[in-house]
Amino acid sequence: MAQLDSTAMTGDITSLLKQWRGGDDSARDRLVAVLYPELRALADRQLRGERANHTLQPTALVNEAYLRISGIERMDWQDRAHFVRMAARVMREVLVDHARRRLAAKRDGGRQVTLTGLDLAAPDAGGVDALALDTALARLEQLDPDKAHVVELRYFGGLTIEETAEAMASSPATVKRQWQAARAWLFEALTSSG
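Okay, here's the thing in structure tokens:
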């Protein structure tokens, strides 16, 4: 593995993000190298709710997300939390695209995911269609972006209440309230008949 420069070794993620924003593609590569273990763990968490025979592996999910993120032109990266939140969102998009392709090929139903992390699934429910979850989360984002970001960081990113609060520059109590409200809203959106 190539040796990382002192900026990457000291974990100066914000500096690397600024360099990348300034057009330095090598900063993007160094950033991903530094954050790879965290991105790999994020992918692993996102795949835990998938069906047992899912064809995507965590490494493939990270690689696909990396390709999509590196194709983003001139993103105004703010900090590490912003990058990780975007990575979680892109990974979710990859999984939804994968489910859509699978659905188109089979025409017999969408990808099922469990909502254990959201504590939403009814006791007899085997899971929720990933496309329905994505649609519901997009509606929540339109209504309340902060609650949607809490879901992205907690459910898709696997962050704790405290880590989410830090990433959002908010208090743990506020994040906890937003998390509870978002879970209730998503439960209603995913279980209502209309």
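Here the sequence shown is numbered in this note's numbering, starting from 74 and rising by one per residue. Backbone N, C-alpha and C define an ideal beta-carbon position, used for all residues, glycine too.
query, result
"Cβ pair L134, L120 closer than 9 Å", "yes"
"Reference R165; option with closest CA among W150, M148 and L112", "L112"
"V105 versus I86, D117 and R94, residue with shortest Cα-Cα distance", "I86"
"CB-CB length for E225 against A172, believed under 8 Å", "The Cβ separation is near 17 Å, so there is no contact."
"Environment of R174 [buried if 16+ CB atoms lie within 10 Å]", "exposed"
"DSSP-derived helix/strand/coil call for D217", "coil"
"Under 9 Å between C-beta atoms of R101 and L89", "yes"
"Per-residue DSSP class, three states only, for D152", "coil"
"Strand pairing of D117, partner residues [DSSP]", "Partner(s): none; D117 has no beta bridge."
"Through-space distance from H155 to Y139, alpha-carbon basis", "15 Å"
"Best match in R227, A262, L263 and G96 for proximity to D149 [C-alpha to C-alpha]", "G96"
"Cβ pair V163, I142 closer than 9 Å", "yes"
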